[in-house]
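**Student:** Structure below; questions to follow.
Residue numbers (the UniProt record's numbering), protein chains in the order written: chain A, 1 to 291; chain B, 1 to 342.
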């Protein structure tokens, strides 16, 4: 459509084109918002982190507790993201490809983690697995630790990041419909073959977006993890919790240094997404538009 | 189609179940001897020093490597975590009421815990003082000055913060002695809390609100946290005002019996708490701005910081059990005066 618009010397504009003032205002407003709410905080994080020189910045990562927090965060993401990958694909598949009773209820349930406060998500697990919780006595009798240990942190993270992959896939799979799969099946392909050869290639870009978003949130989650972690230094503190602890200990340089690492991880995630988009943009567009 | 449609779901479920079972065994595995000290907010620096000293001493005497882990937070919230099952070997909280709650609700701590160690199981004490801006522009000298119009006071929420409960009772005790009339005490407390613009959940949060964000004219604070803030933010910006009369704040310690028996760490946990009473630990305690029970080995320079104060104890309120219910329970005096002040 863009190429059909002809610039006119008389200055008349087409009714579908905004006035230059409106365009300027909208772009300016967006830029201002981005600057205030995204760029400025990032600048603050990095200036505070490097405020007392590079050696002070690096010293924050030499601390054993900081390293434990980084390891724990990566481990939690490494478990939560693949788990949600399986959950997300299964849930999106169920909703997009089949008709069944209670489908809308399932759809609402998938959105639940988005709509409730992460603190509540954490508390739910404490009420379920805590010593006074429903399953507490059973778990204690069998010496299984869930809350205030790695499993609790992983569970809370999975819960909070559950919708990212499913939400990314559902619209895509619904739009693609079931024709390809039906064709494959009618030609004699097995269920797994159909999944690996037809469905997966069709959804791979949406899936990748979902995984990247899910990963970013899994590493950055604070509220739910804070409730189930118990804040044991060097054991159950993730990076976001470690940032809070350092801040409360007046150790601002270290707090912002760890925060900057978190920000960097997020930026790397975005960078990967952008590179993939630029590189495979055509293929991406094609896979979405195929139907 | 019906045949394969449910397969991915069950496979997914199975995978996750397997993952969970695997995880819980990792969580349950314990390496060499580890002690977990669940403590309250302002003790971070103190226990970092104590843990280092005790681990070295234990290694020298028993040849065993002890890993001492710490968890910090608001005292009430930390008690809640122990109730919910955090595997604490020892608790070192802001006030006896928080340990009582654990003992009552979980039976994990013996009811007579407070008589098991000397000095009410409190190896160090502190008191409640004021932090003001350099030069004390509002002329804050005593508790009465906090209720004056135009003075902005920072103190945390007594519902969640142990320090805030000591602050509250210190003010209440002073007012009782001053006015000798219950209605006047309540008027004073109402006026005081009318001057509080923000109630943080913990003592450290309030200190940051005052010192970092520059809100308020006076911070009511643990003496130890006040000195620490002075050191962190530079002596030139703030100063400490010690009121003539205040409360003797006793933060107690206890072994969590059920947990140490389950972990097989009773010997180490008891030795750890007893260590707090040794001259070596008392010296560290004084250096970290807590008032030591035994000042004999402490550095005289550290002791100079502790101004003489006329101290009253929690006993004048009938002990923590009574004070907790009367002042901080639902509908207690805090709820009443806070509502009246709004």
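Just so you know, even glycine gets a beta-carbon here, dropped at the ideal spot from N, CA and C.
1) If you compare alpha carbons, which of 89(B), 148(B), 246(B), 154(B) is closest to residue 253(B)?
2) Determine the chain A residues that contact residue 83(B) at a beta-carbon separation under 9 angstroms, and present them in chain order.
3) Are there three or more Cβ pairs, one per stretch, closer than 8 angstroms when the segment 102 to 115 of chain B is compared with the segment 324 to 335 of chain B?
4) Given this structure, state the Cα-to-Cα distance separating residue 94(A) from residue 131(A), to the nearest angstrom.
5) Looking at C-alpha atoms only, which residue of 175(A), 137(A), 261(A), 274(A) is the closest neighbour of residue 220(A)?
6) Less than 7 angstroms between C-beta atoms, sequence neighbours within five positions excluded: which residues of the same chain meet that for residue 167(B)?
7) Give me the Cβ distance between residue 77(B) and residue 160(B), rounded to the nearest whole Å; I'm assuming they're in contact under 8 angstroms.
8) Does the beta-carbon distance from residue 126(A) to residue 98(B) come in below 7 angstroms?
9) At 8 angstroms on the CB atoms, spell out the chain A contacts of residue 69(B), in chain order.
10) Can you grab the Cα-Cα spacing for the pair residue 106(B) / residue 299(B), in whole Å?
11) Would you mind sorting residue 19(A) into buried or exposed? The rule is 16 or more other CB atoms within 10 Å of its CB.
12) Is the Cβ of residue 81(A) closer than 7 angstroms to any Cβ of chain B?
13) When burial is assigned at 16 or more other CB atoms within 10 Å of the CB, is residue 112(A) buried or exposed?
14) Relative to the C-alpha of residue 312(B), which candidate in 234(B), 176(B), 81(B) has its C-alpha closest?
15) What residues match up with residue 34(B) in a beta bridge as DSSP calls it?
16) In the segment 105 to 116 of chain B, which residues sit with their C-beta less than 8 angstroms from some C-beta in chain A, listed in chain order?
17) For chain B, is any of its Cβ atoms less than 7 angstroms away from the one on residue 95(A)?
18) Since residue 121(A) contacts residue 160(A) with CB under 8 angstroms, what's their CB separation in whole angstroms?
19) Nearest CA to the CA of residue 68(B): which residue from 190(B), 36(B), 81(B)?
20) In the DSSP assignment, the alpha helix (DSSP H) including residue 75(A) goes from what residue to what residue?
21) Which parts of the segment 237 to 279 of chain A are runs of the alpha helix (DSSP H), unbroken and 4 residues or longer, counting only runs that do not cross its ends?
22) What is the DSSP secondary structure of residue 226(A), counted as helix, strand or coil?
23) Please classify residue 148(A): is it buried, with 16 or more other beta-carbons within 10 angstroms of its beta-carbon, or exposed?
24) Is residue 75(B) closer than 7 angstroms to residue 96(B) when the C-beta atoms are compared?
25) Note down, in chain order, every chain A residue with its Cβ under 8 angstroms from the Cβ of residue 364(B).
26) When burial is assigned at 16 or more other CB atoms within 10 Å of the CB, is residue 23(A) buried or exposed?
27) Quick one: what's residue 46(A) bridged to in DSSP?
28) Could you pull the start and end residues of the alpha helix (DSSP H) that residue 191(B) belongs to?
29) Ignore the nearest five residues each way along the sequence and tell me which others in residue 247(A)'s own chain have a CB closer than 8 angstroms to its CB.
30) Closer than 7 angstroms by beta-carbon distance: list the chain A residues that pair up with residue 36(B), in chain order.
31) Mind checking the segment 249 to 267 of chain A against chain B and listing, in chain order, the residues whose C-beta falls within less than 8 angstroms of any C-beta there?
32) Tell me which residues share the same chain as residue 237(B) and place their Cβ nearer than 6 angstroms to its Cβ, disregarding the 5 neighbours each side in the sequence.
33) Mapping the DSSP letters down to three states, classify residue 214(A) as helix, strand or coil.
34) Is the beta carbon of residue 307(B) less than 7 angstroms from the beta carbon of residue 256(B)?
35) Can you pull out the residues from the segment 267 to 287 of chain B whose beta carbon lies closer than 9 angstroms to at least one beta carbon of chain A?
36) Starting from residue 254(B) and walking both ways along the beta strand (DSSP E), at which residues does that stretch end?
**Tutor:** Reading off the structure:
1) If you number the second chain from 1, residue 253(B) lands on position 253. In terms of CA proximity to residue 253(B), 89(B) leads the group 89(B), 148(B), 246(B), 154(B).
2) Here residue 83(B) corresponds to residue number 83 of the second chain, with the count starting at 1. Going along chain A in sequence order, the residues near residue 83(B) (Cβ under 9 angstroms) are 130, 131, 132.
3) Contact check between the segment 102 to 115 of chain B and the segment 324 to 335 of chain B: fewer than three CB pairs, one atom from each, fall below 8 angstroms, which does not count as touching.
4) Taking the first residue of the first chain as position 1, residue 94(A) is located at position 94. Taking the first residue of the first chain as position 1, residue 131(A) is located at position 131. Looking at the two C-alpha atoms, the distance is approximately 36 angstroms.
5) For the purposes of this step, residue 220(A) is taken as the residue at position 220 of the first chain. Taking each of 175(A), 137(A), 261(A), 274(A) in turn and checking the Cα distance to residue 220(A), the smallest one comes out for 261(A).
6) As a working note, residue 167(B) is residue 167 in the second chain. Apart from the 5 residues on each side of it in sequence, residue 167(B) sits with its Cβ closer than 7 angstroms to the Cβ of 128, 155, 220 in its chain, given in chain order.
7) Here the question's residue 77(B) lines up with position 77 in the second chain. Here the question's residue 160(B) lines up with position 160 in the second chain. For a cut-off of 8 angstroms, the C-beta gap from residue 77(B) to residue 160(B) is around 7 angstroms, short enough to register as a contact.
8) Sequence index remark: in the first chain, residue 126(A) carries index 126 (1-based). Sequence index remark: in the second chain, residue 98(B) carries index 98 (1-based). No, Cβ-Cβ distance for residue 126(A) and residue 98(B) is not below 7 angstroms.
9) One-based indexing of the second chain puts residue 69(B) at position 69. Within chain A, the residues near residue 69(B) are 232, 233, 234, 235.
10) On the second chain, position 106 is the one that residue 106(B) refers to. On the second chain, position 299 is the one that residue 299(B) refers to. Distance between the alpha carbons of residue 106(B) and residue 299(B): 41 angstroms.
11) Residue mapping note: residue 19(A) aligns to position 19 of the first chain, counting from 1. With a 10 Å radius around the Cβ and a threshold of 16 neighbouring Cβ atoms, residue 19(A) comes out exposed.
12) For the purposes of this step, residue 81(A) is taken as the residue at position 81 of the first chain. It does not: the Cβ of residue 81(A) has no partner Cβ on chain B nearer than 7 angstroms.
13) As a position in the first chain, residue 112(A) is number 112, starting the count at 1. With fewer than 16 other Cβ atoms within 10 Å, it is exposed.
14) As a first step, residue 312(B) must be located in the second chain, where it is residue number 312. For residue 312(B), the nearest C-alpha among the options comes from 176(B).
15) Residue mapping note: residue 34(B) aligns to position 34 of the second chain, counting from 1. Paired residue(s): 67(B).
16) Result list: 105, 106.
17) Position 95 of the first chain, counted from the start, is the residue given in the question as residue 95(A). It does not: the Cβ of residue 95(A) has no partner Cβ on chain B nearer than 7 angstroms.
18) In the first chain, residue 121(A) corresponds to position 121, counting from 1. In the first chain, residue 160(A) corresponds to position 160, counting from 1. Correct: roughly 6 angstroms between the Cβ atoms.
19) Here residue 68(B) refers to the residue found at position 68 of the second chain. Selected option, being the one with the closest Cα: 36(B).
20) Within the first chain, the letter at position 75 stands for residue 75(A). For residue 75(A), the uninterrupted alpha helix (DSSP H) run begins and ends at 64 to 97, by DSSP.
21) Listed in chain order, they are 239 to 248.
22) Along the first chain, one-based indexing puts residue 226(A) at 226. Note: residue 226(A) maps to helix in three-state DSSP.
23) In the first chain, counting from the first residue as 1, residue 148(A) sits at position 148. Label assigned to residue 148(A): buried.
24) Reading the second chain from its first residue, position 96 is the one you call residue 96(B). Reading the second chain from its first residue, position 75 is the one you call residue 75(B). It is not a contact, given that the beta carbons lie outside the stated cut-off.
25) Not covered by the structure: residue 364(B). The range shown for chain B is 1 to 342.
26) For the purposes of this step, residue 23(A) is taken as the residue at position 23 of the first chain. Burial call: exposed.
27) On the first chain, position 46 is the one that residue 46(A) refers to. DSSP output for residue 46(A) lists no bridge partner at all.
28) Against the second chain, residue 191(B) aligns to sequence position 191. 182 to 194 is the span of the alpha helix (DSSP H), which, as asked, contains residue 191(B).
29) Taking the first chain and counting its residues from 1, the one referred to as residue 247(A) is at position 247. Its chain contains 255 as the residues whose beta carbon lies nearer than 8 angstroms to that of residue 247(A), once the 5 sequence neighbours on both sides are disregarded; these appear in chain order.
30) Start at 1 with the first residue of the second chain, and residue 36(B) comes out as number 36. Simply 232.
31) Listed by position, the residues of the segment 249 to 267 of chain A near chain B (Cβ gap below 8 angstroms) are 249, 250.
32) Position 237 of the second chain, counted from the first residue, corresponds to residue 237(B). For residue 237(B), where only same-chain residues beyond five positions count, the Cβ hits under 6 angstroms are 134.
33) Here residue 214(A) is taken as the residue at index 214 of the first chain, counted from 1. Here residue 214(A) carries a helix assignment [DSSP, helix/strand/coil].
34) Taking the first residue of the second chain as position 1, residue 307(B) is located at position 307. Taking the first residue of the second chain as position 1, residue 256(B) is located at position 256. No Cβ-Cβ contact shorter than 7 angstroms links residue 307(B) with residue 256(B).
35) Those would be none; no residue qualifies.
36) Indexing the second chain from 1 puts residue 254(B) at position 254. For residue 254(B), the enclosing beta strand (DSSP E) starts and ends at 253 to 255.
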